[in-house]
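A.B. asks: Handing you this structure, nothing more for now.
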Amino acid sequence: MNFFKAFHTDISKIITDLAAEGTLPEGLDCSRMTCEPPRDSSHGDVATNAAMVLCKSAKMKPRDLAGLLAPKIETIDHVVAVEIAGPGFINIRLSNDFWYARLKDVLAAGTHWGDSDIGTGQSINVEYVSANPTGPMHVGHGRGAVVGDALALLLSKAGYNVTKEYYINDAGAQVDVLARSVYLRYREAFGETVEIPEGLYPGDYLVPVGEKLKETFGDKWLNADESDWLEEIKAFSIDAMMDLIREDLAALGVTHDVFSSEKALVANGGVDKALAYLEERGLIYTGVLEPPKGKTPEDWEPRPQLLFKASEFGDDIDRPLKKSDGSGTYFASDIAYHFDKFKRGSDQLIDVLGADHGGYVKRM
4 MNFFKAFHTD ISKIITDLAA EGTLPEGLDC SRMTCEPPRD SSHGDVATNA
54 AMVLCKSAKM KPRDLAGLLA PKIETIDHVV AVEIAGPGFI NIRLSNDFWY
104 ARLKDVLAAG THWGDSDIGT GQSINVEYVS ANPTGPMHVG HGRGAVVGDA
154 LALLLSKAGY NVTKEYYIND AGAQVDVLAR SVYLRYREAF GETVEIPEGL
204 YPGDYLVPVG EKLKETFGDK WLNADESDWL EEIKAFSIDA MMDLIREDLA
254 ALGVTHDVFS SEKALVANGG VDKALAYLEE RGLIYTGVLE PPKGKTPEDW
304 EPRPQLLFKA SEFGDDIDRP LKKSDGSGTY FASDIAYHFD KFKRGSDQLI
354 DVLGADHGGY VKRM
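Each number in this note's numbering corresponds to the 1-based position in the sequence shown with 3 added.
Dropping the structure here:
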């Protein structure tokens, strides 16, 4: 029970009753009246500005109006004292019995104390963490995990149907790099001295993954061509990284309801469907972007690209949807992912982004 709201209702009724008997003018607007904890707890349990915000309409001095309201407020159940402070603020003290009853309510409700129904009938998808499956979580991921999980739990307490989701970026160049890095650790597990070249992941966290690969497959891949082992070792490595990430999340007490795969989204035509949806609405076109501001990269060249009209929605420029090789950009995959979440029936989507993704907000 929100007893501040209850006091607002009780005091509003007092004002209505005083107006009905002719003591106050009819139609006083109580919307600006507040009932809240006093700034100084020694002043009581509830403070109201009723006299301050209604005095002009009532054509009375604030303290005079407070003096009119105070005796009436004293008749409200569990009120033991009412004091007028300063120019006309009213401080209210409640009985110990009132607080004992509230404590009993808390104990009786257990974990459901504080639940609300404001979100009943509405669904919200909260996506958070979504760390790339190329390594263990870092502090930034921990921030997103805690913020996202706390937000999802609060929304659930407010009655929303919440889906807690993790998006696995298991498509694209970074997971190919992961597979090649693990393959070197796999060879290392057989006693080979390996050098991790620039561009691969050098972290020791991949050593046990290489050893597990050896235990699972033996020497099957030692003399095989990359085309033979890349896809299988990629899947193996992603699973190993996700196990590592799940362990860290479990240590934080963070759980997800759904783990969505970018690879599956692309394979099922999700990107093509999303782009077709945008094309039907005239939101994509083939065009040439201006060169990057500042020093132009040596490999930059003006070329026609499939672009999304992001500038019509507040972004700085329109955004590419296809790479030069014809594959989709990360942005295209993210559009498809959010399109998919809406199609699954979510009324609202919440993304908890890392601090390094601030520039991503406009385009999304």
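All C-beta atoms in this analysis are idealised placements derived from N, C-alpha and C, irrespective of residue type, glycine included.
1. Is it true that the region 262-278 meets the region 326-342, where meeting means three or more beta-carbon pairs spaced less than 8 Å apart?
2. So, under 8 Å CB-CB, Leu203 and Ser184 are touching, yes? Tell me the CB distance rounded to an integer number of Å.
3. With DSSP as the reference, please indicate the residues paired to Cys38 in a beta bridge.
4. Count the other CB atoms within 10 Å of the CB of Asp120; is the residue buried (16 or more) or exposed (fewer)?
5. Does Asp100 pass the burial test, meaning 16 or more other C-beta atoms within 10 Å, or should it be called exposed?
6. Rounded to the nearest angstrom, what separates Asn128 and Ala22 at their Cα positions?
7. So does the region 206-217 actually touch the region 354-363, counting three or more Cβ pairs closer than 8 Å?
8. Please list, in chain order, all residues of the same chain as Gln125 whose beta carbon is under 6 Å from its beta carbon, the five residues on each side excluded.
9. Give me the Cα-Cα distance between Ile225 and Phe193, rounded to the nearest whole angstrom.
10. I'd like the list of long-range same chain contacts for Val269, defined as Cβ closer than 6 Å, with 5 residues on each side in sequence excluded.
11. Please confirm if the region 257-273 is in contact with the region 283-292, defined as three or more CB-CB distances below 8 Å between the two stretches.
12. Assuming contact is defined by CB atoms lying nearer than 9 Å, are Leu2 and Val49 in contact in what I supplied?
13. What is the rounded straight-line gap between the Cα of Tyr189 and the Cα of Leu247?
14. Please classify Lys325: does DSSP put it in a helix, a strand, or coil?
15. Can you name the start and end residues of the alpha helix (DSSP H) that Gly162 belongs to?
16. Using three-state DSSP, classify Gln177 as helix, strand or coil.
17. Under three-state DSSP, which class holds Ala227?
18. If you measure between the beta carbons of Gly151 and Lys167, is that distance less than 9 Å?
19. Specify, as a first and last residue, the run of the beta strand (DSSP E) that Gly290 falls within.
20. CA-CA distance, Ser330 and Trp116?
21. Rounded to whole angstroms, what is the Cα-Cα separation between Ser264 and Thr196?
22. For Asp343, report the span of its beta strand (DSSP E) as first-last.
23. Grab me the residues of Lys326's own chain with a C-beta within less than 8 Å of its C-beta, minus the 5 sequence neighbours each way, in chain order.
24. Just to confirm the assignment, what range does the alpha helix (DSSP H) spanning Leu97 have?
25. For Tyr103, count neighbouring Cβ atoms within 10 angstroms of its own Cβ and tell me buried if that reaches 16, exposed if not.
26. Quick check on Lys217: buried or exposed, where buried means 16 or more other Cβ atoms within 10 Å of its Cβ?
27. Among Asp67, Lys75 and Arg66, whose alpha-carbon lies nearest the alpha-carbon of Asp20?
28. Name the residue from Val132, Lys223 and Ala69 whose alpha carbon lies nearest to the alpha carbon of Met245.
29. Do the region 103-113 and the region 314-325 meet, that is, are 3 or more Cβ pairs less than 8 Å apart?
30. Output the distance between the C-alpha atoms of Gly89 and Ser15, rounded to the nearest integer angstrom.
31. Have a look at the DSSP bridge pairing and note the partners of Tyr280.
32. Note down, in chain order, each residue of its chain lying with its Cβ closer than 8 Å to the Cβ of Ala180, except the 5 sequence neighbours on either side.
C.D. replies: So, from the listed chains and residues:
1. The region 262-278 and the region 326-342 touch, with no fewer than 3 CB-CB distances between them shorter than 8 Å.
2. 4 Å
3. Among the bridge pairs identified by DSSP, Cys38 is matched with Thr51.
4. Asp120 counts as exposed, since fewer than 16 other C-beta atoms from the protein chains shown sit within 10 angstroms of its C-beta.
5. Burial is judged here by how many other beta carbons sit within 10 angstroms of a residue's own beta carbon; Asp100 has fewer than 16 and is exposed.
6. 48 Å
7. no
8. Tyr163 and Asp350
9. Here residue 225 is Leu; the residue named in the question, Ile, does not match the sequence. Looking at the two C-alpha atoms, the distance is approximately 9 Å.
10. Ala174
11. no
12. Outside the shown range of the chain, which is 4 to 367, sits residue 2, and nothing can be said about it.
13. Their backbone Cα atoms lie some 18 Å apart in a straight line.
14. When secondary structure is reduced to three states using DSSP, Lys325 falls in the strand class.
15. Note, Gly162: premise wrong, no alpha helix (DSSP H); not H, not E.
16. helix
17. coil
18. For Gly151 and Lys167, yes; Cβs fall inside 9 Å.
19. Ile287 to Gly290
20. 51 Å
21. Cα to Cα, Ser264 sits roughly 35 Å from Thr196.
22. No beta strand (DSSP E) contains Asp343, which is instead part of the alpha helix (DSSP H) from Tyr333 to Lys346.
23. Result list for Lys326: Thr332, in chain order.
24. Run containing Leu97: none in the alpha helix (DSSP H); it sits in the beta strand (DSSP E), Phe92 to Leu97.
25. exposed
26. buried
27. Relative to Asp20, the option among Asp67, Lys75 and Arg66 whose CA is nearest is Lys75.
28. Val132
29. no
30. 22 Å
31. DSSP output for Tyr280 lists no bridge partner at all.
32. At residue 180 the sequence reads Val, which differs from the Ala that was named. Cβ neighbours of Val180 beyond the five flanking positions: Thr137, Gly202, Leu203 and Tyr204.
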